[in-house]
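Colleague: Count the sequence shown with our numbering and you get residues 1305 to 1544, in order. The C-beta atom is built at its ideal place from N, Cα and C for all residues, glycine as well. Note that the structure is a prediction, hence the values are computed from the model and not measured.
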Amino acid sequence: MIETTVEVGAGVHFPAWTYGGSVPGPVLRVRAGETLEVRLRNLTSRPHNLHFHGSHAPEMDGWEPIPPGSEFVYRIVAGPPGVHPYHCHLPPLAEHVGRGLYGVLIVDPPGGRAPAHEVSLLLSGFAVDGTVNAITAWNGVAGFYGRHPIKVPAGEPVRVYVANMVEYEPVGSFHLHARTFDVYPAGMGDEPAFQGDTVTMGQGERAMLEFTLPEVGRYMFHPHQHHLADRGATGWFAAV
Ligand SMILES: [Cu+2]
């Protein structure tokens, strides 16, 4: 982990605390039952750590501090299948998470999932110029998917892993225009829990969504908390 400045929008810079230099941190992906090993070197001036959601041995839960200049190897047997956030867990928690120390772990079932066009979308907020969540973004760059729609083939299955890691907001959401989807809360379970066009997530909550865009065209997405949508978290799927 390093402290660095990241560009969270066109010309907008944010002094971040990062796993590996980016916010969010890398998407980690393993199959259930595999052992995930993460060696975390703390190259910052403050203690940090790495706490995974999901199931694992309590001594690997990641609440103990890793002092500056030292390292720790986390080993967890990944599971259950789903999408599980990870984040720093040292106080003040809101600052350690709000500065950018988070990401997602995708755990696939042992036999994998049905083929689909997949994307992970993590919702962030950034306190730029002292204003809490002045900038919001999917995958760390405000407006990115507005300028660069996510292309998927029309008529083919799409699977989206969404997660809300916005600090200082009671709730966030993912809302898709012009098409409904199946919702698997936390990406868990073999059958969708419900269908809709919006999935609402408290901080740290996440879901796996499955849908097909039958017609060629642009399908907007954004959080249905419109102040969050307005600050950079509005984008598009383009069915081509
Ligand atoms: Cu930290």
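#1: How would you call GLU1311, buried or exposed, if buried means at least 16 neighbouring beta carbons within 10 angstroms?
#2: For the segment 1466 to 1478 against the segment 1362 to 1375, are there 3 or more C-beta pairs whose distance is under 8 angstroms?
#3: For the structure I just gave you, are there three or more beta carbon pairs, one from the segment 1495 to 1502 and one from the segment 1393 to 1413, closer than 8 angstroms?
#4: Quick check: is any heavy atom of ligand 1 less than 8 angstroms from the C-beta of ARG1510?
#5: In the DSSP output, what is HIS1317 paired with across the bridge?
#6: Figure out for me which residue from PRO1518, MET1512, ARG1343, SER1424 has the closest Cα to the Cα of PRO1489.
#7: Please confirm whether GLY1325 has its beta-carbon closer than 9 angstroms to some beta-carbon of chain D.
#8: Between PRO1414 and the rest of its own chain, which residues show a CB-CB distance below 7 angstroms, the 5 nearest in sequence each way excluded?
#9: Nearest CA to the CA of TYR1378: which residue from TYR1449, THR1339, PRO1330, GLU1422?
#10: Rounded to whole angstroms, what's the CA-CA distance from TYR1449 to GLY1386? Just pull it up for me.
#11: Just grab the DSSP bridge partners of THR1348 for me.
#12: Please list, in chain order, all residues of the same chain as VAL1408 whose beta carbon is under 8 angstroms from its beta carbon, the five residues on each side excluded.
#13: If you drop the 5 nearest sequence neighbours on each side, which residues of the same chain put their C-beta closer than 7 angstroms to that of THR1516?
#14: Does ligand 1 have even one heavy atom less than 8 angstroms from the beta-carbon of LEU1545?
#15: On the CB-based measure, 16 or more other CB atoms within 10 Å of its CB, does ALA1320 come out buried or exposed?
#16: Just how far apart, CA to CA, sit PRO1384 and PRO1496?
#17: Mind pulling the alpha helix (DSSP H) runs of 4 or more residues that sit fully within the segment 1430 to 1456?
#18: Excluding the 5 residues flanking PHE1498 on each side, which residues of the same chain have their C-beta closer than 6 angstroms to its C-beta?
#19: Can you tell me where the alpha helix (DSSP H) holding GLY1402 begins and where it ends?
#20: Does the Cβ of THR1309 have 16 or more other Cβ atoms within 10 Å, making it buried, or fewer, making it exposed?
Modeller: Well, looking at it:
#1: exposed
#2: no
#3: no
#4: no
#5: GLU1311
#6: MET1512
#7: Reference to chain D is not applicable here, since this structure consists of a single protein chain.
#8: ARG1335, ALA1336, GLY1337
#9: THR1339
#10: 24 angstroms
#11: Answer by DSSP bridge pairing: none, since THR1348 is not bridged.
#12: PRO1328, VAL1331, LEU1332, VAL1387, HIS1388, PRO1389, TYR1390, SER1424, LEU1426, TYR1465, ALA1467, ARG1510
#13: GLY1459, GLU1460, PRO1461, VAL1462
#14: Residue 1545 lies beyond the range of the chain shown here (1305 to 1544); nothing can be said about it.
#15: buried
#16: 16 angstroms
#17: 1448 to 1451
#18: VAL1487
#19: 1397 to 1402
#20: exposed
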